[in-house]
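Quick notes on the structure that follows.
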Amino acid sequence: MDDAAVLRKKGYIVGINLGKGSYAKVKSAYSERLKFNVAVKIIDRKKTPTDFVERFLPREMDILATVNHRSIIKTYEIFETSDGRIYIIMELGVQGDLLEFIKCQGALHEDVARKMFRQLSSAVKYCHDLDVVHRDLKCENLLLDKDFNIKLSDFGFSKHCLRDGSGRIVLSKTFCGSAAYAAPEVLQGIPYQPKVYDIWSLGVILYIMVCGSMPYDDSDIKKMLRIQKEHRVDFPRSKNLTGECKDLIYRILQPDVNRRLHIDEILSHSWLQPPKPKVMSSGSFKREGEGKYRTECKLDARSGSRPEHRPEHRPEHRPDHKLGAKTQHRHSLSELKRNTQEIWHTTVRPNLRLVAVLPLVVGLGGSQTSESWSSYPSPK
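Take any residue in the sequence shown, note its place counting from 1, add 6, and you have its number in my numbering.
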């Protein structure tokens, strides 16, 4: 019986193919019971490596059945056929994934990125509080609902943290994820704190959100590690990022695992706090007659229009460039492969080379097109 017939028998009408990974494929389907569209992840035990079937798959199904958070993709049902095919019925990210969104829209405005990153950080905190680590946080695994809210997905490399007799988390020795998002300790093959690994990946994601490019060029792992160990982060000047935003990214992309921010510190960072309402000073009012006042509003220097009266339909995102455009010091998107190669082995090969999924910001030093943070500065 093919997939469509199996799903039809369960009350699902199969739609289009949504994607295909190393060991699974994903289709859309309409649920006659739920009365809306869902995503169906299909895994064939006979076509996947034994290590994956015995270790990773049981962890994923166990965690999917456990987690319940508004910023994590919901799992509605899991069933298996007699011939070893597993069907995971999940919430559908109708707006696609964050990578495709940024490729289309360009770098996000900080207000949009703040909302999305707060949702993602909240989901990661929820998992970490349950001692669950994701270990494959990346833009492709962040889906968007109809209102462009973040939904964390793909727990294929996730696990429950183990603790020793004194209650400390046992270091992980399985190195998994994508090199472009992997922490330095993971790429070096050093046993690592899994929660701290997730934090590094969050920093890479936030950089991509606000810059529209990768923070490091991973075409040369050895060189990338050297730059990361120097705690150097180059921010494109054209993005005009706030000091608070750059400060948060810089603190997260900390090579020293003992100094890297924890998830609670990320959520309490000043950049992630809701903006304070503006208080109108008495000096900003002018008397125009008895009992009548008007507000002085400065004109926008660039447009000559009053900012608060700009058309409501104006796009939220105003990217300086589209991903894939030929801009100085960036690789064209057409030169890069769409799918990141994944690693999940117990030793790191000396010649390990994984392909980035976005244009890369190469270390520019004193370049006029980037601002390099290589020692901890105070946000301005």
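We treat Cβ as the ideally placed atom computed from N, Cα and C, and that holds for glycine. Model, not experiment: these values are computed from the prediction.
**Asked** In whole angstroms, what separates the C-alpha of I48 from that of F62?
**Response** 15 Å
**C-beta contact flag for Y187 and V216 at 7 Å** = In this structure, V216 does not lie closer than 7 Å to Y187 by Cβ.
**Prompt:** CB L247 to CB S127, shorter than 7 Å?
**Reply:** no
**Message:** Measuring straight from C-alpha to C-alpha, what distance separates Y93 and T180?
**Reply:** Taking the straight line joining both Cα atoms gives about 26 Å.
**Request:** Look at S37 and L24 and say whether their C-beta atoms are less than 7 Å apart.
**Result:** Not closer than 7 Å, so no.
**Prompt:** Where K157 and P200 are concerned, what is the direct C-alpha to C-alpha distance, given to the nearest angstrom?
**Reply:** 21 Å
**Message:** At the level of alpha carbons, what is the spacing between R141 and E66?
**Reply:** 12 Å
**Request:** For L278, I'd like the list of residues in its chain whose CB is within less than 6 Å of its CB, leaving aside the five on either flank, ordered along the chain.
**Result:** R124
**Rounded separation between F241 and H115 - CA only** = 15 Å
**Message:** By the three-class DSSP mapping on this structure, what secondary structure does R344 have?
**Reply:** Reliability of the predicted coordinates at R344 is poor, the pLDDT of 40 falling under 50, and the value obtained from them is presented with this limitation in mind. Coil.
**Prompt:** What is the DSSP secondary structure of Y36, reduced to helix, strand or coil?
**Reply:** strand
**Through-space distance from R120 to D270, alpha-carbon basis** = CA-to-CA, the gap between D270 and R120 works out to about 16 Å.
**Request:** Determine the extent of the beta strand (DSSP E) in which I69 is found, giving its start and end residues.
**Result:** Not the beta strand (DSSP E): I69 falls in the alpha helix (DSSP H), residues 63-70.
**Asked** Which stretch, first to last residue, makes up the alpha helix (DSSP H) that contains Y213?
**Response** 200-217
**Prompt:** Are the beta-carbon atoms of R257 and E377 separated by less than 7 Å?
**Reply:** In this structure, the beta-carbon distance from R257 to E377 does not fall below 7 Å.
**Asked** Going by beta carbon distance, what residues of the same chain come within less than 6 Å of A10, once the five residues before and after it are set aside?
**Response** V20
**Message:** Can you look up T180 in the DSSP assignment and give me helix, strand or coil?
**Reply:** coil
**Message:** Please report the distance separating the alpha-carbon of Y222 from that of I22.
**Reply:** 35 Å
**Prompt:** Excluding sequence positions up to five away, which residues of its chain have a Cβ less than 7 Å from the Cβ of A30?
**Reply:** Answer for A30: K47, I48, I49, listed in chain order.
**Outcome for M122 when other beta-carbon atoms lying within 10 angstroms are tallied against a minimum of 16** = With a threshold of 16 other beta carbon atoms within 10 Å, M122 meets it and is buried.
**Request:** Look at the alpha carbon of V138 and the alpha carbon of F107, and state the distance between them as a whole number of angstroms.
**Result:** 27 Å
**Asked** DSSP state of H351, grouped into three classes?
**Response** Only weak support is given to the placement of H351: the predicted model assigns it a pLDDT of 38, under 50, and the value that follows is read from those uncertain coordinates. Correct three-state label for H351: strand.
**Message:** With H, G and I counted as helix, E and B as strand and the rest as coil, what does DSSP make of F42?
**Reply:** strand
**Message:** Let me make sure I understand the geometry here. Which of D204, Y198, L104, V44 has the alpha-carbon closest to that of C145?
**Reply:** L104
**Between the CA atoms of Y203 and V192 - distance to the nearest angstrom** = 8 Å
**Prompt:** DSSP on N264, reduced to helix/strand/coil?
**Reply:** coil
**Message:** Going by beta-carbon coordinates alone, are I255 and L208 separated by less than 7 Å?
**Reply:** no
**Request:** Report the option in D8, V118, K252 whose CA atom is closest to the CA atom of P280.
**Result:** V118
**Asked** Given that a residue counts as buried once 16 or more other Cβ atoms are within 10 Å of its Cβ, and exposed if not, what is C133?
**Response** A residue is called buried when at least 16 other Cβ atoms come within 10 angstroms of its Cβ; C133 meets this threshold and is buried.
**Request:** Give the secondary structure of P197 by DSSP, where H, G and I count as helix, E and B as strand, and everything else as coil.
**Result:** coil
**Request:** Would you list the one or two residues that DSSP bridges to V138?
**Result:** H166
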